[in-house]
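Here the protein sequences line up with chains A and B, keeping their order. Numbering follows the working numbering, with no gaps: position 8 of the first sequence is 8. Numbering follows the working numbering, with no gaps: position 95 of the second sequence is 418. Here a beta-carbon is modelled for each residue, glycine too, at the ideal position from N, C-alpha and C. Because the structure is a prediction, the values reported are computed rather than measured. Note sheet for the following structure.
Number of protein chains: 2
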Amino acid sequence: MTDKISMFHGAGGRESEELVKEIMNILRNVSAWNGSNDDSAYMKLGNNYIVFTTDSFVASPLFFPGGNIGKIAACGTMNDLAVMGATPVGLSLSLVIEEGFPKESLKKIIHSINTTCKSENTPVATGDTKVMEKGKIDKLIINTSGIGIAKKIFNKKIYAKDKIIVSGTIAEHGAAILTERFGYKTNIKSDAKPILKEITAIKEFIKQARDPTRGGIAATLNELAKKNNCGFVIDEEKIPIKKEAKKICEILGLSPYDIASEGRFICIVSEKDAINAEKILQKFNLDAKIIGEVTNTKTVIIKTKFGERILPMPSGNLVPRIC
Amino acid sequence: MTDKISMFHGAGGRESEELVKEIMNILRNVSAWNGSNDDSAYMKLGNNYIVFTTDSFVASPLFFPGGNIGKIAACGTMNDLAVMGATPVGLSLSLVIEEGFPKESLKKIIHSINTTCKSENTPVATGDTKVMEKGKIDKLIINTSGIGIAKKIFNKKIYAKDKIIVSGTIAEHGAAILTERFGYKTNIKSDAKPILKEITAIKEFIKQARDPTRGGIAATLNELAKKNNCGFVIDEEKIPIKKEAKKICEILGLSPYDIASEGRFICIVSEKDAINAEKILQKFNLDAKIIGEVTNTKTVIIKTKFGERILPMPSGNLVPRIC
């Protein structure tokens, strides 16, 4: 274990997982909250669950094709609630701004947050604003935390043969950030958007769900496998991905399975419900797809044209500051 | 209105107020939440209120006499809930860390958060960790958001002659940060601590309460005056302040009334309850004191040995990055 924090610790892969574990070991405390390893924590409150999540956004650049840091700050936190089965009821918005930051850019970002929140009827309930000296912070960091209410938490036991569905093409958010960062000209746009409506449409079928942000579907599937003490096998040919997003990853030597989406989710449904759930999701997005199934092994396997290989938990620098 | 963000916009005074107003004007949205001008937002949920708040901490230096950024991150958010009448039920903890930051320092900070939370039986429910490249952020930023539950919100109408009580000596947190920043040797320690127990002890008497953090009691009283469309008159001789804290402010040309506390609150109680509330608070802290009363003017007046003067809303750079 190194004695200094590295970029690896923030990339959403294995090193992030280890750091969070170390922090959580200190914070172990008697708690009425569940879900410390999930995207949100939840607690029974009367007949409902109250669901609580937080995310700080350090995306660079702040503006990219298809959105800006404000849009992903609003989507990211609402989506972390949605994948637990909750409907967001309020967000907090905390800004840490670099001295000299243009007010026009700030306003654009706040307008994006407002538009995104309005589309989901989720108000910004409370906020905070801090400023740091020029050169002491890279432009802007946004924290959004969120409260949601759920009748039921998506936390059903999963079994071998249960199916894995992805709600649309993957890796476009990460690819959009990369095209902007490297000055490529492409048609790729960030996929950032709220996913609550899609999730609600197949609520009755979802056993568990996650949004594949930092670390992509590789991190998400490995986390789900660990949590459920199971494995997955997915079929490369079925994974929806746009050619251009794939190409950008190839050029940069990255695996598209390690790259973030900000408007997609992965869910596990029972075998009997899978086709139906896929059909319903395809009304929202034609690319929604069953990509594989649960196994009794403890590894995530990807079947390719050339055979099978392990899809490991991402590790190393991945793409820093993607969200 | 300038077109760039300045340090003034983050100092908790008049310029901060104006920026927040501009942001809130964009975010106006139909909302079930109240309290957008308070320390926390609140919403009816069954027979209770759910209370929600957020704060990002950018304190520099990270360690100072009497505490560190972790302690104020835990206290600050719990105290923002407490001054609304709520009992905290969970915090979120979001870390943004500079690459190369020593893990030992991080662990010390997390231990402080844990100790503070344990003392109040308030768990960290959920978290997030991001890393930024060396030189892109000054060491560490912490966001804590918090959820509390309240039977009643401290939001009673206030009238002329109601009394103002401060729960202990003021400005010590700010003074401690300043001594550390300038390398002074003093006995001043940050006053950072949770205030829930004191507040609970006089719950039945509190009409409204605030914690005088950024901008000190000057900002707090001016905000309360504005919100309630009233004025205050306070008596300088009665304001509890340690000689050393006063001295540090004098040396630096600062008003102690503009300087943050992180473990104090100001509350308004009716005239008939004031002596009783003061007595109860003095069991916790001998320096708790009735310092003045509500008036029908719309200004905050301070009576000094030399006569009366207006205590204005602080403005200008104040002390940056005090919390």
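Quiz item: Taking three-plus beta-carbon pairs below 8 Å as touching, is the stretch 569-579 of chain B in contact with the stretch 605-624 of chain B?
Solution: no
Quiz item: What residues in its chain sit with their C-beta under 6 Å from that of Ile562/B, if we drop five residues either side in the sequence?
Solution: As a working mapping, residue 562/B is identified with position 239 in the second sequence. Result list for Ile562/B: Ile614, in chain order.
Quiz item: Nearest CA to the CA of Ala288/A: which residue from Pro256/A, Ser36/A and Ile164/A?
Solution: As a position in the first sequence, residue 288/A is number 288, starting the count at 1. Nearest option by C-alpha distance: Ile164/A.
Quiz item: What first and last residue would you give for the alpha helix (DSSP H) that runs through Glu345/B?
Solution: Position 22 of the second sequence, counting from 1, holds the residue named residue 345/B. Arg337 to Leu350 is the extent of the alpha helix (DSSP H) around Glu345/B.
Quiz item: Who are the Cβ neighbours of Tyr257/A in its own chain at under 7 Å, not counting the five residues just before and after it?
Solution: Here residue 257/A refers to the residue found at position 257 of the first sequence. If we look at Tyr257/A and ignore the five residues flanking it on each side, its Cβ neighbours are Gly216, Ile217, Ala218 and Leu311.
Quiz item: Got a sec: which bits of the stretch 408-441 of chain B sit with their beta carbon under 8 Å from any beta carbon on chain A, in order along the chain?
Solution: Val412, Gly413, Ser415, Leu416, Ser417, Leu418, Val419, Ile420, Glu421, Glu422, Gly423, Phe424, Pro425, Lys426, Glu427, Leu429, Lys430, Ile433, His434, Ile436, Asn437, Cys440 and Lys441
Exercise. With DSSP as the reference, label Asn37/A as helix, strand or coil.
Key: For the purposes of this step, residue 37/A is identified with residue 37 of the first sequence, where counting begins at 1. Looking at Asn37/A - three-state DSSP - the assignment turns out to be coil, as it is neither helix nor strand.
Quiz prompt | Element boundaries [alpha helix (DSSP H), containing Ser428/B] | solution = As a first step, residue 428/B must be located in the second sequence, where it is residue number 105. Element bounds for Ser428/B: Lys426 to Ser442.
Exercise. Please determine, among Ser270/A, Arg309/A, Glu18/A and Ala11/A, the residue with the shortest C-alpha to C-alpha distance to Tyr159/A.
Key: For the purposes of this step, residue 159/A is taken as the residue at position 159 of the first sequence. The candidate whose alpha carbon is nearest that of Tyr159/A is Ser270/A.
Practice problem: Keeping to the same chain, check which residues put their C-beta closer than 8 Å to that of Pro411/B; ignore five residues upstream and five downstream. | Solution: Within the second sequence, the letter at position 88 stands for residue 411/B. Here the set comprises Thr400, Met401, Leu404, Ala405, Glu443, Thr445, Gly469, Ile470, Gly471 and Leu519.
Quiz item: Since Met43/A sits in a beta bridge, which residues does DSSP pair it with?
Solution: Translated into the one-based positions of the first sequence, residue 43/A becomes position 43. Answer is Ile50/A, bridged to Met43/A.
Quiz item: When the Cα of Asn29/A is compared with those of Phe528/B, Lys480/B and Lys441/B, which residue comes out closest?
Solution: Sequence index remark: in the first sequence, residue 29/A carries index 29 (1-based). Out of Phe528/B, Lys480/B and Lys441/B, Lys441/B has the C-alpha closest to the C-alpha of Asn29/A.
Quiz item: Counting Cβ pairs, one atom from each stretch, are 3 or more of them under 8 Å apart for the stretch 34-51 of chain A and the stretch 122-131 of chain A?
Solution: no
Quiz item: Are the stretch 189-203 of chain A and the stretch 222-240 of chain A touching, with three or more C-beta to C-beta distances below 8 Å?
Solution: no
Practice problem: Determine the DSSP secondary structure at Lys207/A, reduced to helix, strand or coil. | Solution: By one-based count along the first sequence, residue 207/A stands at place 207. It is coil, neither helix nor strand.
Quiz prompt | the stretch 325-341 of chain B / the stretch 54-70 of chain A touching (three or more Cβ pairs under 8 Å) | solution = no
Quiz item: Any idea what DSSP makes of Cys230/A, helix, strand or coil?
Solution: Along the first sequence, one-based indexing puts residue 230/A at 230. Cys230/A: coil per DSSP, three-state reduction.
Exercise. Could you check the C-alpha separation between Ala473/B and Cys646/B for me, to the nearest Å?
Key: For the purposes of this step, residue 473/B is taken as residue 150 along the second sequence, with counting starting at 1. For the purposes of this step, residue 646/B is taken as residue 323 along the second sequence, with counting starting at 1. Those two C-alpha atoms are separated by around 26 Å.
Quiz item: Just checking my contact of Met64/A with Ile199/A at CB under 8 Å: how many whole Å lie between their CB atoms?
Solution: The residue given as residue 64/A occupies position 64 in the first sequence. The residue given as residue 199/A occupies position 199 in the first sequence. Contrary to the premise, residue 64/A reads as Phe rather than Met in this sequence. Incorrect: roughly 25 Å between the Cβ atoms, too far for contact.
Self-check item: Gly639/B versus Gly336/B, Tyr507/B, Ile589/B and Asn599/B, residue with shortest Cα-Cα distance
Solution: For the purposes of this step, residue 639/B is taken as residue 316 along the second sequence, with counting starting at 1. Comparing Cα positions, the closest option is Gly336/B.
Quiz item: If you drop the 5 nearest sequence neighbours on each side, which residues of the same chain put their C-beta closer than 7 Å to that of Ile137/A?
Solution: Taking the first residue of the first sequence as position 1, residue 137/A is located at position 137. Cβ within range, chain order: Val96 and Glu98.
Practice problem: Count the other C-beta atoms from every protein chain shown that fall within 10 angstroms of the C-beta of Leu286/A, then say buried if there are 16 or more, exposed otherwise. | Solution: For the purposes of this step, residue 286/A is identified with residue 286 of the first sequence, where counting begins at 1. So Leu286/A ends up on the exposed side.
Exercise. Can you tell me which of Thr213/A, Gly263/A, Lys139/A and Ser92/A puts its alpha carbon nearest to the alpha carbon of Lys327/B?
Key: In the second sequence, the residue the question calls residue 327/B occupies position 4. Among Thr213/A, Gly263/A, Lys139/A and Ser92/A, the Cα nearest to that of Lys327/B is on Lys139/A.
Self-check item: Alpha-carbon to alpha-carbon, Glu601/B and Lys108/A
Solution: As a first step, residue 108/A is located in the first sequence; it is residue number 108 there, counting from the start. As a first step, residue 601/B is located in the second sequence; it is residue number 278 there, counting from the start. If I take the Cα positions, the gap works out to 48 Å.
Quiz item: Residue ranges of each beta strand (DSSP E) run of no fewer than 3 residues wholly in the stretch 560-602 of chain B, ordered along the chain?
Solution: 589-592
Self-check item: Sequence-distant residues of the same chain with beta carbon closer than 7 Å to Ala32/A, five excluded per side
Solution: One-based indexing of the first sequence puts residue 32/A at position 32. These residues qualify, in order along the chain: Met43.
Quiz item: For Arg632/B, which residues of its own chain have a beta-carbon under 8 Å away from its beta-carbon, when the five flanking residues on both sides are left out?
Solution: As a position in the second sequence, residue 632/B is number 309, starting the count at 1. Closer than 8 Å at the Cβ level, and outside the excluded window around Arg632/B, lie Ile624 and Ile625.
Quiz item: Using a Cβ-Cβ distance under 8 Å, would Val343/B count as near chain A?
Solution: On the second sequence, position 20 is the one that residue 343/B refers to. Yes, contact with chain A.
Quiz item: Which residues in the same chain have their Cβ closer than 7 Å to the Cβ of Lys152/A, if we skip the five residues on either side of it in sequence?
Solution: The residue you call residue 152/A lines up with position 152 of the first sequence. Only Gly85 meet the Cβ criterion.
Exercise. Indicate the three-state DSSP secondary structure (helix, strand or coil) for Phe57/A in the structure shown.
Key: Residue 57/A sits at position 57 when you count from the first residue of the first sequence. In this structure, Phe57/A counts as strand in the three-state DSSP scheme.
Quiz item: Less than 8 Å separating the beta-carbons of Pro264/A and Ser167/A?
Solution: To locate residue 264/A, count along the first sequence from 1; it is residue 264. To locate residue 167/A, count along the first sequence from 1; it is residue 167. According to the sequence displayed, residue 264/A carries Arg and not Pro. In contact: Arg264/A and Ser167/A (Cβ atoms closer than 8 Å).
Quiz item: Would you say Met455/B faces chain A, with C-beta separation under 8 Å as the test?
Solution: Counting from 1 along the second sequence, the entry for residue 455/B is found at position 132. Yes, Met455/B lies at the interface with chain A (some Cβ there is under 8 Å from its Cβ).
Quiz item: beta strand (DSSP E) containing Thr129/A: first to last residue?
Solution: Counting from 1 along the first sequence, the entry for residue 129/A is found at position 129. Per DSSP, Thr129/A belongs to the beta strand (DSSP E) from Val124 to Met132.
Exercise. Keeping to the same chain, check which residues put their C-beta closer than 7 Å to that of Ile110/A; ignore five residues upstream and five downstream.
Key: By 1-based counting over the first sequence, the position of residue 110/A is 110. Here the set comprises Gly70.
Quiz item: Does Asn466/B have its Cβ less than 8 Å from a Cβ in chain A?
Solution: Taking the second sequence and counting its residues from 1, one reaches residue 466/B at position 143. Cβ-Cβ to chain A under 8 Å: yes for Asn466/B.
Exercise. Under 7 Å between beta-carbons, which chain B residues line up against Phe52/A? List them in chain order, please.
Key: Along the first sequence, read from residue 1 onward, the residue named residue 52/A stands at position 52. The answer, in chain order, is Gly413, Ser415, Ala448, Thr449 and Ile470.
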